[in-house]
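K.L.:
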Amino acid sequence: MTRDRDPLNETFQSIGSVDGQGFRVNRDVWSIYQEVRVPFTSPTLNFPGFYSFEVDFAEREEWYSQNTSTVLTPFQPATSSQYNGQRPKVSVRWQPLDPKYIGALTLRGSYTEAFHAPTLFEISPAGEQNFPEVAKGAD
8 MTRDRDPLNE
18 TFQSIGSVDG
28 QGFRVNRDVW
38 SIYQEVRVPF
48 TSPTLNFPGF
58 YSFEVDFAER
68 EEWYSQNTST
78 VLTPFQPATS
88 SQYNGQRPKV
98 SVRWQPLDPK
108 YIGALTLRGS
118 YTEAFHAPTL
128 FEISPAGEQN
138 FPEVAKGAD
């Protein structure tokens with residue numbers, strides 16, 4: 008994402024212009040998802056009340072790398088930041104009886120966490136707006 012300054016705004020030659028700074032922001036994202044299913048019982052074991060019971064363990068990891076720089080303002084140095092997110096997920100699937108006796112009764116439950124990485128506007132060095140006021144002169 009890039010925002011370059013407008014030449015007219017730099018010299019204040021347009022109505023309502025403000026001295027906004029240009030900037031460049033880029034982001035690299037790497038992610039991985041892994042999942043393991045563990046069956047505790049199955050139809051072949053013939054365990055009463057647990058026709059089928061399994062637990063899933065999953066994990067999602069993401070790595071964000073941001074590089075920001077201002078284009079025309081040397082007093083604000085380029086910055087670099089990283090954000091790493093690692094979130095688990097656990098789910099359970101239980102089928103108490105054989106489907107031929109009670110139908111396809113299946114109970115499921117899960118627990119998961121989520122995260123929100125910062126947007127490019129949230130990490131940019133020029134992430135603010137201002138609007139000039141036109142004041143009426145003294146009479």
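For the sequence shown, my numbering assigns the number 8 to the initial residue and increments by one for each residue that follows.
For each residue, glycine too, the CB sits at the ideal point set by N, CA and C.
Just so it is clear, the structure is predicted and the values come from calculations on it, not from any experiment.
With DSSP collapsed to three states, give me the class of Pro55.
P.N.:
coil
K.L.:
Report yes if the CB atom of Arg67 is closer than 8 Å to the CB atom of Arg94, and no otherwise.
P.N.:
yes
K.L.:
Could you check what DSSP says for Pro95 in three-state terms: helix, strand or coil?
P.N.:
strand
K.L.:
What residue range does the beta strand (DSSP E) around Gly116 cover?
P.N.:
114-119
K.L.:
In the DSSP assignment, what are the bridge partners of Tyr71?
P.N.:
BP columns for Tyr71 point to Val36, Tyr90.
K.L.:
Starting from Pro106 and walking both ways along the alpha helix (DSSP H), at which residues does that stretch end?
P.N.:
Following the DSSP letters along the chain, one finds Pro106 inside the alpha helix (DSSP H) bounded by residues 106-109.
K.L.:
In whole angstroms, what separates the C-alpha of Asp105 from that of Val45?
P.N.:
If you take the alpha carbons of Asp105 and Val45, they lie about 20 Å apart.
K.L.:
Suppose contacts are defined by Cβ-Cβ distances below 8 Å. Is Trp70 in contact with Trp101 by that definition?
P.N.:
no
K.L.:
Whose C-beta lies closer than 6 Å to the C-beta of Asp35 among residues of the same chain, with five residues either side of it excluded?
P.N.:
Ser72
K.L.:
Helix, strand or coil: which one does DSSP assign to Ala65?
P.N.:
strand
K.L.:
According to DSSP, is Leu79 helix, strand or coil?
P.N.:
Interpretation of Leu79 is limited by its pLDDT of 44, a score under 50 that renders its predicted location unreliable; the figure taken from the coordinates is listed afterwards. Three-state result, Leu79: coil.
K.L.:
Indicate the three-state DSSP secondary structure (helix, strand or coil) for Thr48 in the structure shown.
P.N.:
Strand, per DSSP.
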